[in-house]
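Take a look at the structure below.
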Amino acid sequence: MSKVSPLYAAIDLGSNSFHMLIVRELSGSVQTIAKVKRKVRLAAGLDANDKLDHASMVRGWQCLSLFAEQLRDIPEAQIKIVATATLRRATNADEFLQQAEKILNHKIHIISGETEAKIIYRGVAHTSSGSGKRLVIDIGGASTELVVGEQSEALLLNSLDMGCVTWLKRFFQQELSETNFELAIDAAKEVISPVLSDYRRLGWQSSVGASGTIQALLEIITAQGLDERITYQKLKAIQQQVVACGTLEKLDIKGLLEERKPVFASGLAILIALFESLQIESLSLAGGALREGLVYGLLSQKDTSSVRARTVESFVKRHRIDNQHAERVANCALTMAQQVTPKLSDRALSLLKWAAMFHEVGLNIEFKKAPQHAAYIIDHSDLPGFTSAQKHFVSCLLLNQRGDWQSELLAQQNALEKPEALVLARLLRIAIIVCMRRTEGSVPKISVLQAEEDWRLCFPPTWNEQHPLRAAELELEAKVQSQAGYPLEIIEALC
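Quick note on numbering: the sequence shown equals residues 1 to 495 in the UniProt record's numbering.
Below, the structure written as structure tokens:
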């Protein structure tokens, strides 16, 4: 029996913002239909006795009145609404919830900090690619969730009593000074200290962040021309920019959105404390968190082993890409990539593979401008498992897959350093030509010989004579790359 509706809804009544996510389950994938966010700042309404003031409750009710319309046509069993730290803490939470449930015509569940952390990890696992153990950080308005997990399993989790709204009230309402930052960071470290040894003992291979603070930091560093990795050095540099502004009213740094300004300094202080306490090397933005975790809890999909692989599989089917040919191009490019020095990072190899899988998506529109169409489609598609910077990098590769060399695009992206990005572009262009016969067994063994940026591609003896079209196309490509400053020579030999 088919479902009445393919739509699912998740609402998160957070301490800083209320969020609503509407998705549609479609052909084995999840399509986002709507995302609505409103700054309610519920935690700001808690007094010294943890009583929520009436003005804050009214802001929350007004927001939920907007959300209610979107829920009318979605089956009750396909809706999940939760409240987090502030309503866990508020002594008069029942007063707020009674009216809120009338507005939404739906039950609201106040979830524990541990449950919140589990759901956040589920959202990250379903939307963010990665292998090995990973540390997940979510800085909310009144609590911060820390989770270490592997694939779909959360191994260690805690909900800490600190957040960007509560730390704003304690440390940053008067001024943005070095002293206030030191106080806020030290206070956060005190909160982290009781659980610190557990995390250090378990360890992790990668770190991701799933909060508005992490999103804001990513927007700042990319706007300022830096790559998308959030590092301690970048956090301290941004702290200096914030301090230089003096007060919240004067806070104005490149890339920081107006709506994020009130709680940015407090969230930044908490994240710096986490970096220092946990000795985090770098952090990337997760593809989802609490709301996505709620949705995937409602859906039938349970496998989280490879988010990107699921995304690619769905994308290839939806856009009618020749999967066998795409895999052939990917394998050819990766085989050459393994021979390149210096050795390419795993992140670069992964992005090269996915660019090869997507490279023909523009053919659905027309051939002549297929690279431009492909780049546009990738840039504007919802691709779980890919950050915005990674999507844009793949689109740059696809725009550069044939024709004139456009190295300036690769210099402007933020997913990889330019030298590595240029190598991937060279490999993809060559692999597309080598595989242009589109038949199994037609891809020769290729050896990549190089002296820094000077490349020699070694093909088997007599290959050029037996494959004149591809040989001619490779010679044209060698000229294009050489003229762009990346010498390429095609030779035949027993390499």
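Think of the CB as a built atom: it goes at the ideal place given N, C-alpha and C, for glycine as much as any other residue.
>> Relative to the C-alpha of residue 327, which candidate in 309, 344 and 318 has its C-alpha closest?
In response: Here the closest residue by C-alpha is 309.
> Excluding the five sequence neighbours on either side, which residues of its own chain have a C-beta within less than 6 Å of the C-beta of residue 254, listed in chain order?
Replying inline: 223 and 224
> To the nearest angstrom, how far is it from the Cα of residue 435 to the Cα of residue 472?
Replying inline: 14 Å
> Which two residues bound the contiguous beta strand (DSSP E) that contains residue 171?
Replying inline: Premise fails: residue 171 is in no beta strand (DSSP E) and is neither H nor E.
> Is it buried or exposed for residue 16, if we count other Cβ within 10 angstroms and need 16 for buried?
Replying inline: Counting Cβ neighbours within 10 Å, residue 16 comes out buried, since at least 16 surround it.
> What are the uninterrupted segments assigned as alpha helix (DSSP H) that are 4 or more residues long and contained completely in the stretch 287-327, given in chain order?
Replying inline: You should have 290-298 and 307-318.
> With respect to the beta strand (DSSP E) encompassing residue 8, which residues constitute its N-terminal and C-terminal limits?
Replying inline: 7-13
> With distances taken from CA atoms, which of 162, 119, 142 and 179 is nearest residue 152?
Replying inline: 119
> What residues are listed by DSSP as bridge partners for residue 456?
Replying inline: 449 and 489
>> Helix, strand or coil for residue 187? Go by DSSP, reduced to three states.
In response: helix
>> Alpha carbons only, please: which of 318, 135, 250 and 383 is nearest the one belonging to residue 275?
In response: 135
> Helix, strand or coil: which one does DSSP assign to residue 250?
Replying inline: helix
>> So, for residue 150: in the same chain, excluding its five sequence neighbours on each side, which residues have a beta-carbon less than 8 Å away from its beta-carbon?
In response: Within the same chain, residue 150 has close Cβ partners 132, 133 and 134.
> If you run the structure through DSSP and keep just helix, strand and coil, what is residue 60?
Replying inline: In the displayed model, residue 60 falls within a helix according to three-state DSSP.
> Would residue 298 pass as a contact of residue 70 if the rule is Cβ separation under 8 Å?
Replying inline: Not a contact, by the Cβ cut-off of 8 Å.
>> Rounded to whole angstroms, what is the Cα-Cα separation between residue 305 and residue 285?
In response: Note that residue 305 has pLDDT 46, beneath the 50 cutoff, so the model's placement of it is unreliable and the number below is only indicative. Cα to Cα, residue 305 sits roughly 19 Å from residue 285.
> Over what stretch of residues does the beta strand (DSSP E) that includes residue 136 continue unbroken?
Replying inline: Unbroken beta strand (DSSP E) run through residue 136: 133-139.
> By Cβ distance below 7 Å, which residues in the same chain neighbour residue 379 in space, the five residues on each side in sequence not counted?
Replying inline: 391, 392 and 395
>> What I want to know is whether the C-beta of residue 420 ends up closer than 7 Å to one or more non-hydrogen atoms of the ligand ATP.
In response: Among the ligands in the structure shown, none appear at all, so the ligand ATP cannot be discussed.
>> What does the alpha-carbon distance come out to for the pair residue 411 and residue 356?
In response: 20 Å
> What first and last residue would you give for the beta strand (DSSP E) that runs through residue 80?
Replying inline: 79-83
> Three-state secondary structure (DSSP) at residue 357?
Replying inline: helix
> Can you name, in chain order, every residue of its own chain whose Cβ lies under 6 Å from the Cβ of residue 488, other than the five neighbours on each side?
Replying inline: 455, 478, 481 and 482
>> Between 290, 315 and 374, which has its C-alpha nearest residue 114's C-alpha?
In response: 290
> Does the Cβ-Cβ distance between residue 231 and residue 43 come in under 8 Å?
Replying inline: no
> Tell me which same chain residues have a C-beta within less than 6 Å of the C-beta of residue 302, skipping the five on either side of it?
Replying inline: Here the model assigns residue 302 a pLDDT of 48, short of 50, so the residue's position is not dependable, and the following value carries that caveat. Closer than 6 Å at the Cβ level, and outside the excluded window around residue 302, lies no residue.
>> For a test of the three-state rule: what should DSSP assign to residue 467, helix, strand or coil?
In response: coil
>> Which residue marks the beginning of the alpha helix (DSSP H) containing residue 74, and which one marks its end?
In response: Note, residue 74: premise wrong, no alpha helix (DSSP H); not H, not E.
> Apart from the five residues just before and just after residue 183, which ones in its own chain have a Cβ nearer than 7 Å to its Cβ?
Replying inline: 171
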